[in-house]
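Here is the structure we will look at, set down as structure tokens.
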Amino acid sequence: MLNFIKAQICTIKFFRYVLIIFLIVPTCTFHLGPNEMPNLNEESESVGLNYLISNDLSEFSGSSFIEKEANGFLQQWNLAGMTMAIVKDGKLVYAQGFGYSDIETRQQVSPGDLFRVASVSKLITAVAIMKLVEKKLISLDSKVFGPHGILKDPVFNSVVDKRLYNITIRQLLAHSGGWSLHYGDPAFNSLVVLERTGEKGAATLDSYCRFVATRRLHFEPGTRSSYSNMGYMFLGKVINVVTGRKYEDFVRKEVLIPAGISDMHIGRSYLAERRINEVKYYEAEESPMIPAFDGSSRLVPKPYGGNPIELLGPAGGWIASSVELAKLMVQIDGFKNVPDMLPQSLINQMVEEDDLSGPLGWKVVKKNGDWIRTGSMAGTSAIMKRQSNGFSWVVVINSSSWKGPRLPAYINYMMGKIEKNLSNWPRHDLFKYVPEKL
Numbered sequence: 052m053l054n055f056i057k058a059q060i061c062t063i064k065f066f067r068y069v070l071i072i073f074l075i076v077p078t079c080t081f082h083l084g085p086n087e088m089p090n091l092n093e094e095s096e097s098v099g100l101n102y103l104i105s106n107d108l109s110e111f112s113g114s115s116f117i118e119k120e121a122n123g124f125l126q127q128w129n130l131a132g133m134t135m136a137i138v139k140d141g142k143l144v145y146a147q148g149f150g151y152s153d154i155e156t157r158q159q160v161s162p163g164d165l166f167r168v169a170s171v172s173k174l175i176t177a178v179a180i181m182k183l184v185e186k187k188l189i190s191l192d193s194k195v196f197g198p199h200g201i202l203k204d205p206v207f208n209s210v211v212d213k214r215l216y217n218i219t220i221r222q223l224l225a226h227s228g229g230w231s232l233h234y235g236d237p238a239f240n241s242l243v244v245l246e247r248t249g250e251k252g253a254a255t256l257d258s259y260c261r262f263v264a265t266r267r268l269h270f271e272p273g274t275r276s277s278y279s280n281m282g283y284m285f286l287g288k289v290i291n292v293v294t295g296r297k298y299e300d301f302v303r304k305e306v307l308i309p310a311g312i313s314d315m316h317i318g319r320s321y322l323a324e325r326r327i328n329e330v331k332y333y334e335a336e337e338s339p340m341i342p343a344f345d346g347s348s349r350l351v352p353k354p355y356g357g358n359p360i361e362l363l364g365p366a367g368g369w370i371a372s373s374v375e376l377a378k379l380m381v382q383i384d385g386f387k388n389v390p391d392m393l394p395q396s397l398i399n400q401m402v403e404e405d406d407l408s409g410p411l412g413w414k415v416v417k418k419n420g421d422w423i424r425t426g427s428m429a430g431t432s433a434i435m436k437r438q439s440n441g442f443s444w445v446v447v448i449n450s451s452s453w454k455g456p457r458l459p460a461y462i463n464y465m466m467g468k469i470e471k472n473l474s475n476w477p478r479h480d481l482f483k484y485v486p487e488k489l
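In structure tokens form, the structure reads like this:
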């Protein structure tokens, strides 16, 4: 059956613009098997860049240098696979996969493969919030929790810490809502949240609502910044309440698809649920099994059952190709080469920061004008970098390293070396690539 599926994928790549997929119900639904089939019951996007661009389109005089650096990087850090997209002055000049999307079947990475992008998801959520601000459905200073806030859940009628009512949209975006990472990250400790709320099973967003309503904040909202995944989870709920639509549905149909981005999705937690063009995720060697997030006490590999990917959605649950992430980046970069999807005034607000809070959605805004968004979780590492000189890039990896969240710094060094050594880039724009008709 696995050979049949691979044959279908080859058909897609061969015809480029025609997708013919027979939906097959997987015969195995046990979540922990290493060779489980991808979930073919998920819809597959038959249009868009992910099914048009192949590795051979990026061959040019500098390809061998990039391949040497990328493959050397994978070998150095014992990583399975990587995808890279390079943009120059708004044009996608290079898109390539390296290594394996599936080690067991020796399936090689393609530019259109989907990867978990971890906290790069926050940038997607921030753009969606800014869309609501643009439409004047909310403001950045709108209160989030309580009778006078956007989230009026009954649990917020009476809270342990009244300062919860003062938290604004802007503060959640800037990680200044009042929760300190020094005391742990509730988003990645859902079993602790269940224990504190006295619940059984898998945590839900309602569990997190009860959790914050019954606990004190660590600092006055807006007075300093401390990285908060949980804050972005609540921003997803804000989008749901304000629009009356599911978070993923609104973001895909109102933000991404109108921008020509058709194949980004909220990922799933288990291997059997992965999409047909999604890679597999691998931990560093000798990583221990951990209890499943669903409270069942089963021991699972951390990438598959260790974290509730769907629940993390707005904070860390999206899957995307490097190509479509690059397409998103050029539409929020403030450059004039490609029209932006947001007004310049809102893009400017996203990259403003002060001593009390950071940028909105982006992780780092440097004084030289470079903007950076990183993401890291078990089995994946991602980084997007918008550079002020017009040379921007996206790299995503489907493996963990013992370097953990520090791995993007080494990716940045590799990409800097590539930029420094190459100057004669292709003149084509793969964002506009259309295959020749057969």
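Numbered according to our numbering, the sequence shown spans residues 52 to 489. Backbone N, C-alpha and C fix where the C-beta goes; we use that ideal spot for every residue, glycine too.
D164 is the residue among Q127, V445, Y464 and D164 whose C-alpha sits nearest the C-alpha of S105. If you look at M284, you'll find it in the alpha helix (DSSP H) that goes N280 to T294. In the same chain as D153, and ignoring 5 residues on each side of it, the C-beta atoms closer than 6 Å to its own belong to K331, in chain order. According to the DSSP assignment, T248 belongs to the alpha helix (DSSP H) that extends over S241 to T248.
In the DSSP assignment, R437 falls within the unbroken beta strand (DSSP E) covering T431 to R437.
With respect to G282, G228 sits close: the two C-beta atoms are nearer than 7 Å. Judged by their CB atoms, G150 and A131 are nearer to each other than the 7 Å cut-off. With contact defined as three or more Cβ pairs closer than 8 Å, the segment 312 to 320 and the segment 365 to 384 are in contact. Here the C-alpha atom of K471 lies approximately 14 Å from the C-alpha atom of G441.
Unbroken alpha helix (DSSP H) runs of no fewer than 4 residues, entirely contained in the segment 174 to 226, are found at 220 to 224, following chain order. Take I448, set aside five residues on each side of it, and the residues of its chain with a beta-carbon closer than 6 Å to its own are L130, M133 and S432, in chain order. Judged by DSSP in its simplified three-state form, R457 adopts helix. Nearest in C-alpha terms to Y259, of all of G148, S279, F270 and N101, is S279. Fewer than three pairs of CB atoms, one per stretch, sit closer than 8 Å, so the segment 360 to 367 makes no contact with the segment 377 to 386. Taken through DSSP and simplified to helix, strand or coil, S109 comes out as helix.
Below 8 Å, enough C-beta pairs join the segment 455 to 472 and the segment 420 to 434 to call them touching: three or more. With at least 16 other beta carbons inside 10 angstroms of its own, L286 counts as buried. Annotation for G420: S439 place their beta carbon closer than 6 Å to its own, counting only its chain and skipping 5 residues before and after.
Here H233 carries a helix assignment [DSSP, helix/strand/coil]. In the structure shown, K251 falls within a coil segment according to DSSP collapsed to helix, strand and coil. Counting every other CB atom within 10 Å of its CB across the protein chains shown gives K417 a total below 16, marking it as exposed. If only uninterrupted alpha helix (DSSP H) runs of at least 4 residues are considered, those enclosed by the segment 381 to 407 are 395 to 401. For the 7 Å CB-CB criterion, G252 and G346 form a contact.
By the neighbour-count definition (other C-beta atoms within 10 Å, threshold 16), R303 is a buried residue. Here L256 is buried. Its C-beta has 16 or more other C-beta atoms within 10 Å. DSSP places K139 inside the beta strand (DSSP E), whose first and last residues are G132 to K139.
For V184, the closest C-alpha among the options S427, A429 and I220 is that of I220. Counting only runs of at least 3 residues, the segment 320 to 378 fully encloses the following beta strand (DSSP E) elements, listed from N- to C-terminal order: 369 to 371. The alpha-carbon separation between S209 and V195 amounts to approximately 15 Å. For D153, the enclosing beta strand (DSSP E) stretches over residues K142 to D153. Distances from the alpha-carbon of L473 to those of Q158, D107, S114 and N122 put S114 closest.
A buried status is given to W230, since no fewer than 16 other beta-carbon atoms sit within 10 Å of its beta-carbon. If you draw a straight line from the Cα of F124 to the Cα of V244, it comes to about 38 Å. Put simply, the segment 332 to 344 does not touch the segment 407 to 414. Fewer than three CB pairs are less than 8 Å apart. Exclusion of the five residues before and after P354 leaves Y332, E334, A429 and G430 as the residues of its chain whose Cβ lies within less than 7 Å of its Cβ.
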